[in-house]
Amino acid sequence: MSNVLATPPAPAEHAAAHFAARLRFETDVSDVHADLEAAVDGLVVIDTRGTSAWERGHLPGAIHLPTAEIPVRAAQVIPAAAAVVTYCWGPGCNGAVRAALAFATLGYQVKEMIGGYEYWVREGFPVQTASGPRQRPVDDLTAVGISCDC
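Numbered per our numbering, the sequence shown spans residues 12 to 161.
Laid out in structure tokens, this is it:
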């Protein structure tokens with residue numbers, strides 16, 4: 012008996028709808044990095060973590076807007092037509108999901124950056140800290156320093 016096939020796979024058309032929907036709601040650190048490097052117009056990256064986490068390091072160009080403050084401050088700091096990308100600590104945290112929900116409730120187009128800050132750092136992308144820019148070596152368990160060409 013197969014553990015994988017104990018629950019049969021969904022029909023292809025259901026799988027296609029599911030995976031297409033996921034891409035509408037999620038993005039990854041590599042794509043966010045590429046878009047930030049290209050200065051894509053209208054893209055706003057939001058760090059939803061608390062102040063101490065933000066000060067220890069955040070994505071260059073990100074805006075600090077903790078989840079609890081989104082309903083009160085979003086309209087003051089994020090243009091209504093912006094495409095918002097939220098991130099929190101990492102895959103073990105659903106803070107970015109809660110933040111994305113808050114933005115969607117306010118009418119924003121929004122995606123969650125899967126992997127969060129943890130995978131941004133592990134893939135060797137630069138971060139901004141209170142003492143200046145920083146970059147850690149690529150973690151060979153998450154990236155090999157080259158594009159996966161996916």
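Cβ coordinates follow ideal geometry from the N, Cα and C atoms, glycine included.
> Span of the beta strand (DSSP E) holding I57?
Replying inline: Numbered from 1 along the sequence shown, position 46 holds the residue referred to as residue 57. Counting along the chain, the unbroken beta strand (DSSP E) around I57 starts and ends at 54 to 58.
>> Among the candidates G127, F136, D151, whose CA atom is the shortest distance from the CA of A64?
In response: The sequence position of residue 64 within the sequence shown is 53, counting from 1. Of the listed residues, the one whose Cα sits closest to A64 is G127.
>> Can you tell me whether L70 is buried or exposed? The criterion is at least 16 other CB atoms within 10 Å of its CB, across all chains shown.
In response: Here the question's residue 70 lines up with position 59 in the sequence shown. By the neighbour-count rule (16 or more Cβ atoms within 10 Å), L70 is buried.
> Quick one, are the C-beta atoms of V88 and Q120 less than 9 Å apart?
Replying inline: Within the sequence shown, residue 88 is the residue found at index 77, counting from 1. Within the sequence shown, residue 120 is the residue found at index 109, counting from 1. The Cβ-Cβ distance between V88 and Q120 does not fall below 9 Å.
> What are the boundary residues of the alpha helix (DSSP H) that includes V108?
Replying inline: As a first step, residue 108 is located in the sequence shown; it is residue number 97 there, counting from the start. Taken as a continuous stretch (DSSP letters only), the alpha helix (DSSP H) holding V108 covers 106 to 116.
> Got a sec? Which residues, its chain only, sit under 7 Å from P90 by beta carbon, not counting five neighbours each side?
Replying inline: As a working note, residue 90 is residue 79 in the sequence shown. Cβ neighbours of P90 beyond the five flanking positions: none.
>> I125 and E37 - do their beta-carbons sit closer together than 9 Å?
In response: Walking along the sequence shown from the start, residue 37 turns up at place 26. Walking along the sequence shown from the start, residue 125 turns up at place 114. Yes, they are a contact pair.
> Which whole-angstrom value is the C-beta distance of T153 and G68, which I expect to be below 8 Å?
Replying inline: As a first step, residue 153 must be located in the sequence shown, where it is residue number 142. As a first step, residue 68 must be located in the sequence shown, where it is residue number 57. Actually they do not touch by this definition, with Cβ atoms about 17 Å apart.
> With a Cβ-Cβ cutoff of 9 Å, do T78 and A113 count as a contact?
Replying inline: Locating residue 78 in the sequence shown gives position 67, where the first residue counts as 1. Locating residue 113 in the sequence shown gives position 102, where the first residue counts as 1. Against a cut-off of 9 Å, the Cβ pair of A113 and T78 comes out as a contact.
>> Let's test the definition: count the other Cβ atoms within 10 Å of the Cβ of A27 and tell me whether it reaches 16, buried, or not, exposed.
In response: For the purposes of this step, residue 27 is taken as residue 16 along the sequence shown, with counting starting at 1. That one is exposed.
>> For a quick check, are the C-beta atoms of V43 and W131 less than 9 Å apart?
In response: As a position in the sequence shown, residue 43 is number 32, starting the count at 1. As a position in the sequence shown, residue 131 is number 120, starting the count at 1. In terms of Cβ geometry, V43 and W131 form a close pair [threshold 9 Å].
> In its own chain, which residues sit with a C-beta less than 8 Å from the C-beta of R35, not counting the 5 before and 5 after it?
Replying inline: For this step, residue 35 is matched to residue 24 along the sequence shown. Hits under 8 Å: K122.
> Taking the alpha-carbon positions, what's the G61 to A85 distance?
Replying inline: Taking the sequence shown and counting its residues from 1, the one referred to as residue 61 is at position 50. Taking the sequence shown and counting its residues from 1, the one referred to as residue 85 is at position 74. Rounded to the nearest angstrom, the gap between the Cα atoms of G61 and A85 is 16 Å.
>> I believe I81 touches A50 by the beta-carbon criterion, under 8 Å. Please report the beta-carbon distance rounded to the nearest angstrom.
In response: In the sequence shown, counting from the first residue as 1, residue 81 sits at position 70. In the sequence shown, counting from the first residue as 1, residue 50 sits at position 39. With 8 Å as the limit, I81 and A50 do not qualify as a contact, their Cβ atoms being about 24 Å apart.
> Exposed or buried, which one is D52 when buried takes at least 16 other CB atoms within 10 Å?
Replying inline: Here residue 52 is taken as the residue at index 41 of the sequence shown, counted from 1. Classification of D52: exposed, given that the 10 Å Cβ count is below 16.
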